[in-house]
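To keep things clear, I will list the structure first and then write my remarks on it.
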Amino acid sequence: MALSGIQIYKLLPQTNCKECGFPTCLAFAMKLAAKQVELSACPYVSEESKAQLAESAAPPIRLISLKSDGNEVKAGNEVVLFRHEKTFYNKPGIFVKFSDEMSPAEIESKVKEADGYKVNYVGIDLNLDGFAVEETSGDPAKFANVVEVVRRSSRRPLVLVSSHPAVIQAGLSKLANEAPLIASADEKNWEAMADMAKKAKAGLVVRSQTVEGLADLTEKIKAKGLEDLVLAPAADGMSAWLTQTTQIRRLAIKKNFKPLGYPVIAFPKNEVEAAQAVTKYAGFIVVDQFTPALAYALLVLRQNIYTDPQKPIQVQPGIYEINNPKPDSPVLVTTNFSITYFSVANEVEGSGLPAWLVVCDAEGMSVLTAWAAGKFDSERIAKSIKTFKVADKVDRKRIVIPGHVAVLSGELEAELPDWEIRVGPREALDLPKYMKTAL
Ligand code: SF4
-7 MALSGIQIYK
3 LLPQTNCKEC
13 GFPTCLAFAM
23 KLAAKQVELS
33 ACPYVSEESK
43 AQLAESAAPP
53 IRLISLKSDG
63 NEVKAGNEVV
73 LFRHEKTFYN
83 KPGIFVKFSD
93 EMSPAEIESK
103 VKEADGYKVN
113 YVGIDLNLDG
123 FAVEETSGDP
133 AKFANVVEVV
143 RRSSRRPLVL
153 VSSHPAVIQA
163 GLSKLANEAP
173 LIASADEKNW
183 EAMADMAKKA
193 KAGLVVRSQT
203 VEGLADLTEK
213 IKAKGLEDLV
223 LAPAADGMSA
233 WLTQTTQIRR
243 LAIKKNFKPL
253 GYPVIAFPKN
263 EVEAAQAVTK
273 YAGFIVVDQF
283 TPALAYALLV
293 LRQNIYTDPQ
303 KPIQVQPGIY
313 EINNPKPDSP
323 VLVTTNFSIT
333 YFSVANEVEG
343 SGLPAWLVVC
353 DAEGMSVLTA
363 WAAGKFDSER
373 IAKSIKTFKV
383 ADKVDRKRIV
393 IPGHVAVLSG
403 ELEAELPDWE
413 IRVGPREALD
423 LPKYMKTAL
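Laid out in structure tokens, this is it:
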């Protein structure tokens, strides 16, 4: 049974030293009971209390980690049902699946292509996470051979997919010193699969048509001493699958129901199912094919869902060149909130007009919000102009500030007396017309 806040409080030092970031031990205890903090934030808990608090300290969804040659994909450790309540922590690993009946040469070429695929999104490099080999041949030797080909072509973690223990064993024999994921154990094969996963230190996917069936299987497998489990709800259709994953997540997080306190794996049949799995609530997603279009869409969606809603996505402050600017091109100024940056950059780029775009560090806020918060003022703009040595790039010292902060123009003239300060439009959409007619 999970402990209440008061019960947890009685096990804490009760010195109210504030080192955990909370004003009192009671406040910390309440957060711990709600699974919103880690016990390790308090450095003074006794070993005896730690043992008693273990259940309350454990995240409601177990952390599962796949490892191979320095690469690691983690899922689980989530503490909230909805992203806006706090944040989601471990992005679902996206894996590309290959059948063991494909030709080794084709697999090698496709794995290398997917392995090298990279998207730069708001300054962050996004990659796929690993590969899955699915047995469709019924032949352990063929399966093992394909696992070897994939491993030779990429160092990323693997998921081995078969319901036959002999096939999985053949695949595992090609993977030394790594922690793959085995998919899947079901009502018929769970004992053999659990023994094998335990011996290989691999994670094990548990598959059932019903939520009750999943809970039943995880309890039996846990009793055998294997705890690194992943749930594969197997209901047919998007609606039924969504219902199951939502029930699992609710029971794990709201009721602390341990038999379902594991990440979920999804095997989507198409792009829409894959997108649903990103949002609700897969920890691993195994797609049937690699295409840059699908990879881009899933990686960007995942990035947006798994960012902390309290910390806006930011771009690197600096000076950005748009359409090969010349020394007489205008200097536009904006903030480092990613949406603001991309709105401005896309409009100017689409117009074909050259410009220097100075992105100021406004702690990731949009123009008006940053101005209201004192994070986008004349001092900061002037500092950016100087720090990024904008004067060395242009021979016409002319800055365009966003129309929303026209009020800053006088102060900025005082900060940058050598520069001509112009007030641009309020909306990025109007920038091209402004640049053509007013500059
Ligand atoms: S760090 Fe520990 S002892 Fe100090 S206030 Fe927080 S819970 Fe209490």
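If you read the sequence shown in the working numbering, its first letter stands for residue -7, the second for the next number, and so on.
The beta-carbon is built from N, C-alpha and C at its ideal position, and this holds for glycine as well.
For this session: Take P284 and list the residues in its own chain whose beta-carbon comes closer than 7 Å to its own, dropping the five residues that flank it on each side.
Result: Working through the sequence shown from its first residue, we reach residue 284 at position 292. So the list reads Y109, once near-sequence residues are dropped.
Problem set entry | Beta-ladder partner(s) of I393, from DSSP | Indexing the sequence shown from 1 puts residue 393 at position 401. Beta bridge pairing from DSSP links I393 with V415.
Problem set entry | Inter-stretch contact (C-beta, 8 Å, three-pair minimum) for the stretch 147 to 160 and the stretch 182 to 189 | Enough Cβ pairs lie closer than 8 Å, so yes.
Exercise. Any heavy atom of the ligand SF4 closer than 6 Å to the Cβ of N315?
Worked result: Sequence index remark: in the sequence shown, residue 315 carries index 323 (1-based). Relative to the non-hydrogen atoms of the ligand SF4, the Cβ of N315 never comes closer than 6 Å to any of them.
Exercise. Would the C-beta of Y36 count as close to the ligand SF4, meaning under 6 Å from any of its heavy atoms?
Worked result: Taking the first residue of the sequence shown as 1, we reach residue 36 at position 44. Yes, the Cβ of Y36 comes within 6 Å of a heavy atom of the ligand SF4.
Exercise. Just to confirm, does K10 get its C-beta within under 6 Å of one of the non-hydrogen atoms of the ligand SF4?
Worked result: Against the sequence shown, residue 10 aligns to sequence position 18. Answer for K10: yes, Cβ within range of the ligand SF4.
Exercise. Taking L360 as the reference, which of E40, T326, T202 and L55 has the closest Cα?
Worked result: What you label residue 360 is simply residue 368 of the sequence shown in a count that begins at 1. Here the closest residue by C-alpha is T326.
Exercise. Roughly how far, in whole angstroms, is the beta-carbon of E77 from the beta-carbon of S145, given that I think they are within contact range, below 8 Å?
Worked result: Within the sequence shown, the letter at position 85 stands for residue 77. Within the sequence shown, the letter at position 153 stands for residue 145. In fact, because the Cβ distance is near 40 Å, the residues do not count as touching under 8 Å.
For this session: Could you check if P35 is buried or exposed, using at least 16 other CB atoms within 10 Å of its CB as the buried criterion?
Result: Here residue 35 is taken as the residue at index 43 of the sequence shown, counted from 1. By the 10 Å Cβ count, P35 comes out exposed.
Problem set entry | Which listed residue (N248, F276, V103 and A97) has its alpha carbon closest to that of L173 | The count along the sequence shown starts at 1 and reaches residue 173 at position 181. In terms of Cα proximity to L173, the closest of N248, F276, V103 and A97 is F276.
Exercise. Under the DSSP definition of a beta bridge, which residues are partnered with W348?
Worked result: As a first step, residue 348 must be located in the sequence shown, where it is residue number 356. Beta-bridge annotation (DSSP): W348 is paired with E313 and V323.
For this session: State the Cα-Cα distance for the pair F282 and D117, rounded to the nearest angstrom.
Result: In the sequence shown, residue 282 corresponds to position 290, counting from 1. In the sequence shown, residue 117 corresponds to position 125, counting from 1. So the alpha carbons of these two residues sit roughly 18 Å apart.
For this session: Assuming A337 and L349 form a contact by the criterion Cβ under 8 Å, report the distance between their Cβ atoms to the nearest whole angstrom.
Result: Here residue 337 refers to the residue found at position 345 of the sequence shown. Here residue 349 refers to the residue found at position 357 of the sequence shown. The C-beta distance from A337 to L349 rounds to 6 Å, short enough to fall under 8 Å.
Exercise. Alpha carbon to alpha carbon, how far is D353 from P309?
Worked result: The residue you call residue 353 lines up with position 361 of the sequence shown. The residue you call residue 309 lines up with position 317 of the sequence shown. A straight line joining the alpha-carbon of D353 with that of P309 spans about 5 Å.
For this session: Could you have a look at S91 and say whether DSSP puts it in helix, strand or coil?
Result: The residue labelled residue 91 in the question sits at position 99 within the sequence shown. S91 carries a strand assignment under DSSP once its states are collapsed to helix, strand and coil.
Exercise. Assuming V153 contacts A124 under a Cβ cut-off of 8 Å, what Cβ separation, rounded to an integer in Å, is found between them?
Worked result: By one-based count along the sequence shown, residue 153 stands at place 161. By one-based count along the sequence shown, residue 124 stands at place 132. Indeed, because the Cβ distance is near 5 Å, the residues count as touching under 8 Å.
Problem set entry | Distance CB(T210)-CB(L221) smaller than 7 Å | Position 218 of the sequence shown, counted from the first residue, corresponds to residue 210. Position 229 of the sequence shown, counted from the first residue, corresponds to residue 221. It is a contact, given that the beta carbons lie within the stated cut-off.
Problem set entry | Proximal residues to K247 (C-beta, below 7 Å), its chain only, five neighbours per side dropped | Working through the sequence shown from its first residue, we reach residue 247 at position 255. Excluding sequence neighbours, K247 sits near nothing in its chain.
For this session: Following the continuous alpha helix (DSSP H) through L18, name the residue where it begins and the one where it ends.
Result: The count along the sequence shown starts at 1 and reaches residue 18 at position 26. Residues C17 to A25.
For this session: Determine the extent of the alpha helix (DSSP H) in which K78 is found, giving its start and end residues.
Result: Within the sequence shown, numbered from 1, the residue matching residue 78 stands at position 86. Per DSSP, K78 is not a residue of any alpha helix (DSSP H), being assigned neither H nor E.
Exercise. Hey, how far is the Cα of S95 from the Cα of L150?
Worked result: Mapped onto the sequence shown, residue 95 falls at position 103. Mapped onto the sequence shown, residue 150 falls at position 158. Here the alpha carbons of L150 and S95 stand approximately 18 Å from one another.
Exercise. What is the DSSP secondary structure of Q295, reduced to helix, strand or coil?
Worked result: Reading the sequence shown from its first residue, position 303 is the one you call residue 295. DSSP places Q295 in the helix class (H, G or I) of the three-state scheme.
For this session: Please find out if some non-hydrogen atom of the ligand SF4 comes closer than 6 Å to the beta-carbon of F276.
Result: Along the sequence shown, read from residue 1 onward, the residue named residue 276 stands at position 284. Result no, Cβ not under 6 Å from the ligand SF4.
Exercise. Is the stretch 287 to 295 in contact with the stretch 244 to 259, if contact means three or more CB pairs nearer than 8 Å?
Worked result: No, because fewer than three Cβ pairs between the stretch 287 to 295 and the stretch 244 to 259 fall closer than 8 Å, the two stretches do not touch.
Exercise. Are three or more beta carbon pairs between the stretch 394 to 401 and the stretch 413 to 421 nearer than 8 Å?
Worked result: Segments in contact, yes.
For this session: Flag T235 as yes when its Cβ comes closer than 6 Å to any non-hydrogen atom of the ligand SF4, and as no otherwise.
Result: Your numbering for residue 235 matches position 243 in the sequence shown. It does not: the Cβ of T235 is nowhere closer than 6 Å to a heavy atom of the ligand SF4.
Problem set entry | Sequence-distant residues of its chain with Cβ nearer than 6 Å to F434 (five each side left out) | Limits of the chain in this structure are -7 at one end and 431 at the other, which puts residue 434 out of reach.
Exercise. By Cβ distance below 6 Å, which residues in the same chain neighbour R388 in space, the five residues on each side in sequence not counted?
Worked result: As a first step, residue 388 must be located in the sequence shown, where it is residue number 396. Within the same chain, Cβ atoms closer than 6 Å to the Cβ of R388 are found at D320, the five residues on either side in sequence being excluded.
For this session: Specify, as a first and last residue, the run of the alpha helix (DSSP H) that E126 falls within.
Result: Against the sequence shown, residue 126 aligns to sequence position 134. Not the alpha helix (DSSP H): E126 falls in the beta strand (DSSP E), residues G122 to E126.
Exercise. Count the other CB atoms within 10 Å of the CB of I(-2); is the residue buried (16 or more) or exposed (fewer)?
Worked result: Here residue -2 refers to the residue found at position 6 of the sequence shown. When all chains shown are included, I(-2) counts as exposed.
Exercise. Would the C-beta of L4 count as close to the ligand SF4, meaning under 6 Å from any of its heavy atoms?
Worked result: Position 12 of the sequence shown holds residue 4. It does: the Cβ of L4 is within 6 Å (strictly closer) of some heavy atom of the ligand SF4.
Problem set entry | Within-7 Å CB hit, S95 to chain D | Included in the structure is just one protein chain, with no chain D present.
Exercise. Any chance the CB of D20 is under 6 Å from a heavy atom of the ligand SF4?
Worked result: Taking the first residue of the sequence shown as 1, we reach residue 20 at position 28. With the sequence shown as reference, residue 20 is identified as Phe, and Asp is not the correct amino acid for it. Yes - the ligand SF4 has a heavy atom lying nearer than 6 Å to the Cβ of F20.
For this session: Could you work out which residue in E412, S231 and G68 is closest to P84 when comparing CA atoms only?
Result: For the purposes of this step, residue 84 is identified with residue 92 of the sequence shown, where counting begins at 1. Out of E412, S231 and G68, the CA that lies nearest to the CA of P84 is found in G68.
Problem set entry | Any non-hydrogen atom of the ligand SF4 closer than 6 Å to C352 Cβ | Within the sequence shown, numbered from 1, the residue matching residue 352 stands at position 360. Judged by the Cβ position, C352 fails to qualify as a neighbour of the ligand SF4 at the 6 Å threshold, every heavy atom of the ligand being at least this far.
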